[in-house]
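Chains A and B, in that order, give the protein sequences. According to the working numbering, the first sequence is numbered sequentially starting from 146. According to the working numbering, the second sequence is numbered sequentially starting from 423. Cβ coordinates follow ideal geometry from the N, Cα and C atoms, glycine included.
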Amino acid sequence: MTKLAIAINPDRCIGCQTCANACKMQNNVPMGMLWNRVLTEGCDSVNGAEGTYPNLERHFLPIACQHCENPACQKVCPTGATYKDEMGRVEIDYDKCIGCRMCMAACPYNARTFNWAEPVRDPGFNYGDARVPERGRGIMEKCTLCKERTDDGDAPMCVMCCPTKARVFGDLDDPNSEISRLKREKNVRILLEDKGTRPQVFYFA
Amino acid sequence: MNQTNARSLGGATMTRRSFVKAAAVAGAVGVTAGGMATTSSWLAPTQAVAEPEERITYTFHQSLCNGNCSLKCTIRDGRLAKVEPNDALEAEYSMCCARGISEISHIYGETRLQTPLRRVGERGEGNFESISWDEAMKEVGDQIKAIWDKYGKEAVYVSYSSEPRMGMLPALLGASEMEEPGIDIGIGNGLDPMKAGNGFYACTNETRDMVNSKFIMINGHNFCETGMMQARNLLDALAAGVELVVVDPHFSTTASKAHKWIPIKPGTDAAMYLGMVSHILDNELYDEEFVLAHTSMPYLLKKDGTLLRWEEVSGTKPRESKDEKTGETVTFDPFVVWDTKTKSIQPYDGEKVEPALTVEGVKGASSYKTVFEAIKESQQPYTIEWASERTGIPTEDLVYIAERYATSGASMLGLGMGGADKYANADVLGHAVGIMVALTGNIGAPGKAVGSMHGGRGYSAKLASWPLPDDMKAAEPEMYAYDFRTQPNNIHAVISVGNTLQQFFANMNLTAEWLKGLDFVLGIDIYNNDSIKFCDIVLPSCSKFECPEEVGDVKCAANHIMIQERGIDPLFESKTDFQIMTEIARAVGVADVLPKSQVELVRHQVDKNEAENLAGYTLDMLLEHNGILPFQGIEKPRIGFADQVYATESGRLDVYYEKMLKWDQALPTWEEPIEVYDENPAREQFPFQLTQTRSRFFIHSMYYDSKWINQFFDAYVEMNPSDMAAAGIADRDKVEVYNDRGSFKCQVVANESVHPGSLRTTEGAWARNMEDGHLQSVTNDQMRERRVDLMKGGVTPFNDTLVAVRKA
Chain A
146 MTKLAIAINP
156 DRCIGCQTCA
166 NACKMQNNVP
176 MGMLWNRVLT
186 EGCDSVNGAE
196 GTYPNLERHF
206 LPIACQHCEN
216 PACQKVCPTG
226 ATYKDEMGRV
236 EIDYDKCIGC
246 RMCMAACPYN
256 ARTFNWAEPV
266 RDPGFNYGDA
276 RVPERGRGIM
286 EKCTLCKERT
296 DDGDAPMCVM
306 CCPTKARVFG
316 DLDDPNSEIS
326 RLKREKNVRI
336 LLEDKGTRPQ
346 VFYFA
Chain B
423 MNQTNARSLG
433 GATMTRRSFV
443 KAAAVAGAVG
453 VTAGGMATTS
463 SWLAPTQAVA
473 EPEERITYTF
483 HQSLCNGNCS
493 LKCTIRDGRL
503 AKVEPNDALE
513 AEYSMCCARG
523 ISEISHIYGE
533 TRLQTPLRRV
543 GERGEGNFES
553 ISWDEAMKEV
563 GDQIKAIWDK
573 YGKEAVYVSY
583 SSEPRMGMLP
593 ALLGASEMEE
603 PGIDIGIGNG
613 LDPMKAGNGF
623 YACTNETRDM
633 VNSKFIMING
643 HNFCETGMMQ
653 ARNLLDALAA
663 GVELVVVDPH
673 FSTTASKAHK
683 WIPIKPGTDA
693 AMYLGMVSHI
703 LDNELYDEEF
713 VLAHTSMPYL
723 LKKDGTLLRW
733 EEVSGTKPRE
743 SKDEKTGETV
753 TFDPFVVWDT
763 KTKSIQPYDG
773 EKVEPALTVE
783 GVKGASSYKT
793 VFEAIKESQQ
803 PYTIEWASER
813 TGIPTEDLVY
823 IAERYATSGA
833 SMLGLGMGGA
843 DKYANADVLG
853 HAVGIMVALT
863 GNIGAPGKAV
873 GSMHGGRGYS
883 AKLASWPLPD
893 DMKAAEPEMY
903 AYDFRTQPNN
913 IHAVISVGNT
923 LQQFFANMNL
933 TAEWLKGLDF
943 VLGIDIYNND
953 SIKFCDIVLP
963 SCSKFECPEE
973 VGDVKCAANH
983 IMIQERGIDP
993 LFESKTDFQI
1003 MTEIARAVGV
1013 ADVLPKSQVE
1023 LVRHQVDKNE
1033 AENLAGYTLD
1043 MLLEHNGILP
1053 FQGIEKPRIG
1063 FADQVYATES
1073 GRLDVYYEKM
1083 LKWDQALPTW
1093 EEPIEVYDEN
1103 PAREQFPFQL
1113 TQTRSRFFIH
1123 SMYYDSKWIN
1133 QFFDAYVEMN
1143 PSDMAAAGIA
1153 DRDKVEVYND
1163 RGSFKCQVVA
1173 NESVHPGSLR
1183 TTEGAWARNM
1193 EDGHLQSVTN
1203 DQMRERRVDL
1213 MKGGVTPFND
1223 TLVAVRKA
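If you want it as structure tokens, here you go:
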């Protein structure tokens, strides 16, 4: 079996947002939406910090779909539009999506983003990878783990573009992969582990 | 012709970016990976559209950014659809960033200058009419020729930034020109003379060498943001166990990665180094062997503070040698030292001479002292306790960094251009740093380096220049450009290439007054930036993604030679930098000296190069290799001055600046900033420092208009919540920031990272980012008198600015 995932080293993340824009571009994500974002932990300003001057810390947290082994979104999808594919990715069949947004409410990672209106693209044409399906009004979308790229054996765009090489992509079912080694050997952080969603994406230091 | 505001012109119909729904991808329908077919896709008819036409091209991003990314671009149906790292690159060099990717939207943005413009109404009002290239170029030609007839060619000043790129323009016009007057040279003014640098104090080793260091100190330099593409080198060093200390008034992203962040009072960085130097001297932490062999510290000084030379001692005529470049005879009267072996004064470089570091009490040298002794004397007031009081850094922290820096075995000191550089005392800082480097020998070996790190500071390679006739040369202006505004001079026309009128000058209202009095102002840029409104004629250039020829440009950077290949056609009515330079040359009748095409120019630059590390490289090879090739011999990181030979007068680190004697700065003497010192009485009225730091979202004033960057960040001021509470200001309030020079209004954001007592914003924000007014209207443009003797003139002290803030 194949279980594709991304491991992220927040110690190497400088909050540059390259992954966010790389994802937006590759996947033709409309304005006002991102599949992948970089949060600054504990504050609502990108340049903020936790603590009181001068006792401060700043940690960036890149976050997108966690490609859970037990996806809450899939459980609540009434049409089967959200599914776990044979590569271990959580995907959406846009043709089956009825826009009910149950998945959006269920996802504890706030990873999903919805086309409330006709998508607006700036520039006003379809950018990114031509193989990526266009989504219209009323359709839910989120990180596909760059399905079109990973199907071909390429790394997701966020991994390829990350200027600090903070991201590692690979197959958790392959014990010899870099990502499996990291999961075994490193101090691993799983987001909201208590929710039982069993994310495949993990953070390490 | 319609009279319109340039801003609305920027938003006019864009025919080349219309929606093409037909390009919707055929893959949108079909069988899913799960093998299920829905009825809608099963029954959907095949779309009767042609496959979109897609091609790949390679280019480099604009040169204002030191990232120097080489990019792979996907062009679909004539539009820029995707930007990613050049896949020909080794992983070590593969890069692009959020700004580069944002170009797929930004180049089509509403602030693009679309056509040539002619001013209507008063200069500075920003009202223009759209005109044709023929009309524009006739006007440009007539105006420049009129200036030439009336005042001479040097009366035209080319205010030149790194973008757009038209490097031959000043020479073609015989115009006055200078590189970044008053910008990014503050620290270099003090640091570079001792090692014969060029004033921009590039780090002496490249950043790939960081991993070989034991202790890295970064000061006033948010390297993880402003050197984003090389931040990986610092992170690799940290992973390898290198210790990092960051000194910065604000808690920067770089500070957040450090083992220790040391907050410092703004404008006092020179005091920190003076204190560290004292500690190193008092505790004999210096490297005596290095000091004696590679620095001017054993040289003898006379009582008047000038350096004693061999002719005065011995009557020997100065040495003569031939300058290899000019063929001219050069004379050199050697410096002297006290030779402990012969117990006599000898030339510093005499064979078997064993120089003394001190001569106090030595018979025969009683009229003299060594530079080392002079340093010890001048350092007397600068105790570590004094430094602690000036800087607000606890004594134990100062002791710690001084000792770690001096004794780690391999220390590196990174200095930035956006922080401590922008104070009038930055030269004192640079000089004190240089003395500390010279005392400890932290230069010229792996892991030992000093300087500004952004851009990676790798190897250089020289391309062939296009030969211009000998009499075609740029003129040297009679003064630095910031002085044009207040001192009598012969400049009557300005050509602003890029957003220079906003960016290069503090105190914008004074700049505006000066510009009003000129005969002619020409502006060239891609976007309707804040310099454009001061121009009479505006010419729209295009981005590096737009290139109508097979090849557009070439550059050597980031250890690679890279080219710009054919891209999308120039958008709207814009032209390439080369085309605009040629148009201007044609308008004044000198175009016949230029190559006929961009390809011809680049082919000359590449194929005729004589650089050893580009040997055998041709344009055709570049075209075959995704537009990029590595320099030869880059396997190991560049180590500057590995031979400990400096192009100074004595060939060593000449730390004593005789030229600055009259300003009491032959050795670094503490001096307060002009405005932001604690005791300044003006603080009663204007209690806050305004600092404009550089950030990961912008490159100087670029990308403030990029919607894909605005997703994450826009221009605002940040304050420490404790200051806001005291001033009765709440998070996200609209505020007015003001002083006697001007004011602007924008949003304020609460941020604990900000040094209390400071208002922080990002450098280069445009008027359109503000509610009202302009950031540059409040900035400090005062300079110290000694600027006339500094290597690169005065530094514009943008961050040495006091303001008040109130709820708007």
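- CA-to-CA, the gap between Ile684 (chain B) and Arg1208 (chain B) works out to about 31 Å.
- Asn627 (chain B) carries a strand assignment under DSSP once its states are collapsed to helix, strand and coil.
- DSSP places Ser190 (chain A) in the coil class of the three-state scheme, outside both helix and strand.
- Think of a sphere of 9 Å around the beta carbon of Met247 (chain A): no beta carbon from chain B falls inside it, the nearest being about 19 Å out.
- Close partners of Thr675 (chain B) in chain A (Cβ separation under 7 Å): Ile159, Gly160 and Arg203.
- Secondary structure of His1026 (chain B) (DSSP, three-state): helix.
- Between Ala828 (chain B) and Gln1066 (chain B), the gap from beta carbon to beta carbon reaches 9 Å or more.
- Our two residues, Ile153 (chain A) and Gly649 (chain B), have alpha carbons roughly 21 Å apart in a direct line.
- Arg1118, Phe1119, Lys1129, Trp1130 and Ile1131: these are the residues of the region 1118-1131 of chain B whose beta carbon lies less than 9 Å from some beta carbon of chain A, given in chain order.
- When C-alpha distances from Ala1152 (chain B) are compared across B:Met559, B:Met1141 and B:Tyr1160, the shortest belongs to B:Met1141.
- At a cut-off of 9 Å, the C-beta of Cys188 (chain A) has a neighbouring C-beta in chain B.
- Apart from the 5 residues on each side of it in sequence, Asp991 (chain B) sits with its Cβ closer than 6 Å to the Cβ of Pro970 in its chain, given in chain order.
- For Trp760 (chain B), the uninterrupted beta strand (DSSP E) segment begins and ends at Val758 to Asp761.
- CA-CA distance, Leu961 (chain B) to Ser918 (chain B), rounds to 10 Å.
- Scanning chain B for C-beta atoms nearer than 7 Å to the C-beta of Lys310 (chain A) yields Arg654, reported in chain order.
- Secondary structure in the region 1090-1140 of chain B: the alpha helix (DSSP H) runs of 4 residues or longer, each lying completely within the stretch, are 1129-1132 in chain order.
- Three or more pairs of CB atoms, one per stretch, sit closer than 8 Å, so the region 513-530 of chain B contacts the region 476-496 of chain B.
- Within a 10 Å sphere around the beta-carbon of His643 (chain B) sit 16 or more other beta-carbons, which makes this residue buried.
- Bounds of the alpha helix (DSSP H) holding Ile823 (chain B) are Thr817 to Thr829.
- When C-beta atoms of the region 919-932 of chain B are compared with those of the region 575-582 of chain B, three or more pairs fall below 8 Å, so the two segments count as touching.
- Arg326 (chain A): member of the alpha helix (DSSP H) spanning Glu323 to Glu330, first to last residue.
- Straight-line measurement puts the Cα of Asp274 (chain A) at about 14 Å from the Cα of Arg280 (chain A).
- If you compare the alpha carbons of A:Val174, A:Lys310 and A:Cys210 with that of Asp156 (chain A), the shortest gap goes to A:Lys310.
- Less than 9 Å separates the beta-carbon of Thr813 (chain B) from that of Gly697 (chain B).
- When Cβ-Cβ separations below 9 Å define contact, Gln1133 (chain B) makes contact with chain A.
- The closest CA to that of Trp888 (chain B), considering only B:Leu722, B:Asp941, B:Val1139 and B:Asn1031, is found on B:Asn1031.
- Judged by DSSP in its simplified three-state form, Leu206 (chain A) adopts strand.
- Taking CB atoms only, Asn627 (chain B) has no neighbour in chain A less than 9 Å away.
- Among the residues facing chain B, Cys306 (chain A) is included, as its CB has a counterpart in that chain under 9 Å away.
- Distances from the alpha-carbon of Asp704 (chain B) to those of B:Asn620, B:Thr805, B:Gly749 and B:Arg1163 put B:Thr805 closest.
- Secondary structure of Val855 (chain B) (DSSP, three-state): helix.
- If only complete runs of 3 or more residues are kept, the region 1000-1059 of chain B shows the beta strand (DSSP E) at 1050-1052, in order along the chain.
- Between Gly989 (chain B) and Glu968 (chain B) the beta-carbon gap is near 5 Å, inside 8 Å, which marks them as a contact.
- Under the criterion of beta carbons closer than 8 Å, Thr1223 (chain B) and Glu1097 (chain B) qualify as touching, at roughly 6 Å.
- By the criterion of a C-beta distance shorter than 7 Å, Arg1206 (chain B) is surrounded in its chain by Ala846 and Gly1216, once the five residues flanking it on both sides are discounted.
- Look at Thr197 (chain A): its C-beta is under 9 Å from a C-beta on chain B.
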